[in-house]
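Data block below; observations after.
Residue numbers (the UniProt record's numbering): 1 to 223.
Structure below.
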């Protein structure tokens, strides 16, 4: 079962760009909670709380307990705006969820035992992670924080497809639900062949003829 993560927030009445600027100067992040058939609610969260949480991948892919003035709501992070160059979160949107309705979320992939595989131990093999997350559909209670993919058996030339990723019980791949044509490549182990450039035939012939051409004037001089 996924771990519970609580984010504390406070309701706010002031809205607009001016109010948001004042909040940021006071080290708060303006945010909005919406969905589940309820009115949108404006809230504020201490910036350090967001900054610390955002360092963990669960913050963006897990169901969160958003505690607003002591009342807890189940939410997902749906959108966020960061400052272009400062380490500052400018605004956030949270979506309330229905615990009895399926949701669609991108879940991170964790690659295990890659360094132990034959592919990793073979010279000239490049292992590529074509996907780093998978969009899944499931009930909130079944949502995993991450999905593990064991690469211990990866060999040179292998291709791992989405259909080979083992999903937890109650979790489905959104892409595979659309059909076999959407069975995307997750990992490849390609052998890189070294190409040796052959000298052009004309150039080789010219190289061989050069010593002979150089010797000819010398013979003429002796005559």
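Glycine included, each C-beta is placed from N, C-alpha and C at the ideal position.
### Task
Could you spell out where the beta strand (DSSP E) holding residue 150 opens and where it closes?
147 to 150
### Task
Within 10 angstroms of the Cβ of residue 159, are there 16 or more other Cβ atoms? Answer buried if so, exposed if not.
exposed
### Query
Hey, residue 41 and residue 63: beta-carbon distance below 9 Å or not?
no
### Cβ shell of residue 93 (< 6 Å), same chain only, five flanking positions each side left out
32, 78, 79
### Query
Between the region 81 to 89 and the region 107 to 115, are three or more C-beta pairs nearer than 8 Å?
no
### Message
On the DSSP letters alone, give me the boundaries of the alpha helix (DSSP H) that residue 48 sits inside.
### Response
47 to 53
### Query
Alpha carbon to alpha carbon, what distance is there between residue 155 and residue 189?
7 Å
### Query
Helix or strand or just coil, what does DSSP make of residue 26?
coil
### Message
Let me check one thing: in DSSP terms, what residues is residue 111 bridge-paired to?
### Response
149
### Query
Given a threshold of 16 other Cβ atoms within 10 Å of its Cβ, counted over all protein chains shown, does residue 73 qualify as buried or as exposed?
buried
### Task
Return the first residue and the last residue of the beta strand (DSSP E) that residue 126 is part of.
125 to 129
### Task
Decide if the region 44 to 61 is in contact with the region 14 to 32; the criterion is three or more beta carbon pairs, one per stretch, under 8 Å apart.
yes
### Query
How close, in whole Å, do the beta carbons of residue 95 and residue 34 come, if the pair is a contact with beta carbons under 8 Å?
7 Å
### Query
Since residue 76 is in the alpha helix (DSSP H), which residue starts that stretch and which ends it?
Segment 71 to 82 is the beta strand (DSSP E) holding residue 76; no alpha helix (DSSP H) there.
### Task
Output the boundary residues of the alpha helix (DSSP H) element that contains residue 65.
Where residue 65 is concerned, there is no enclosing alpha helix (DSSP H), although the beta strand (DSSP E) it sits in stretches over 64 to 68.
### residue 108 versus residue 58 - alpha carbon distance
9 Å
### Query
Distance, Cα to Cα, residue 142 vs residue 101?
11 Å
#### Entry: Start-to-end residues for the alpha helix (DSSP H) that takes in residue 60
58 to 61
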